[in-house]
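**Q**
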Amino acid sequence: MAKVVTKVRVSSSTDDKILEEIKNETGCDDCDSLIWSPLPKATRIDPPENTIAIVVDIVRSQGAIRIFENEGDLYVDGVGTEDAGYMVIIPWNTSWWFRVSGALQVGYAAGKNIAQ
């Protein structure tokens, strides 16, 4: 069964403006910070369980991410060169993981009241 991944492109912006967009997209009223991380290449990344959305910085960095299903490691979708020049917000599904190629920064928006 094909999964639909919502990807919201936003121009380079402040964390507060990105969080406002995340709140609009996800309905998460208690998402109040982004935690940015450079991530290792070619390594499975499982975001924290309380992740509501990830933000991929394709403005200041270059590369791609590929999103996979936990069950069976099936490819779901990705963010890459077609999104260059944007911050890309992806409302997160806990049944996914991702892999990075290149030197991307990824931000995690987490809900406070969701168990970690």
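In terms of the numbering used here, the sequence shown opens at residue 15 and continues consecutively. We put the beta carbon where it would ideally sit given N, CA and C, even for glycine.
Cα separation between Val70 and Glu85?
**A** As a position in the sequence shown, residue 70 is number 56, starting the count at 1. As a position in the sequence shown, residue 85 is number 71, starting the count at 1. Taking the straight line from one Cα to the other gives about 23 angstroms.
**Q** Whole angstroms is fine: what's the gap from Ile104's alpha carbon to Ala67's?
**A** Residue mapping note: residue 104 aligns to position 90 of the sequence shown, counting from 1. Residue mapping note: residue 67 aligns to position 53 of the sequence shown, counting from 1. So the two alpha carbons sit approximately 5 angstroms from each other.
**Q** Per the contact definition of three or more C-beta pairs closer than 8 angstroms, is the region 109 to 123 in contact with the region 77 to 95?
**A** With a cut-off of 8 angstroms, the region 109 to 123 and the region 77 to 95 count as touching, because enough Cβ pairs lie within range.
**Q** Just grab the DSSP bridge partners of Ile68 for me.
**A** Start at 1 with the first residue of the sequence shown, and residue 68 comes out as number 54. Ile68 pairs with Ile104 and Tyr122.
**Q** Counting pairs of Cβ atoms below 8 angstroms between the region 16 to 29 and the region 83 to 102, do you hit three or more?
**A** Yes, the region 16 to 29 touches the region 83 to 102.
**Q** Just grab the DSSP bridge partners of Val19 for me.
**A** In the sequence shown, counting from the first residue as 1, residue 19 sits at position 5. Paired residues: none, contrary to the question.
**Q** Quick check on DSSP: helix, strand or coil for Glu83?
**A** Locating residue 83 in the sequence shown gives position 69, where the first residue counts as 1. Three-state result, Glu83: strand.
**Q** Which residue marks the beginning of the beta strand (DSSP E) containing Ile49, and which one marks its end?
**A** Within the sequence shown, residue 49 is the residue found at index 35, counting from 1. First-last of the beta strand (DSSP E) with Ile49: Leu48 to Pro52.
**Q** Suppose you measure from the CA of Ala129 to the CA of Val18; what does that come to, to the nearest Å?
**A** As a position in the sequence shown, residue 129 is number 115, starting the count at 1. As a position in the sequence shown, residue 18 is number 4, starting the count at 1. Because Ala129 carries a pLDDT of 43, less than 50, the predicted location of this residue cannot be relied on, and no value is offered for it.
**Q** So what does DSSP say about Asp43, is it helix, strand or coil?
**A** The sequence position of residue 43 within the sequence shown is 29, counting from 1. Three-state result, Asp43: coil.
**Q** Count the CB pairs spanning the region 119 to 127 and the region 35 to 48 that are closer than 8 angstroms, and state whether there are at least three.
**A** Verdict: yes, contact present.
**Q** I'd like to confirm the pairing. Which residues does DSSP put opposite Arg92 in its beta bridges?
**A** Counted from its first residue, the sequence shown places residue 92 at position 78. Residue identity differs from the one stated: residue 92 is Gly in this sequence, not Arg. In the DSSP output, where bridge partners are listed per residue, Gly92 has Arg80.
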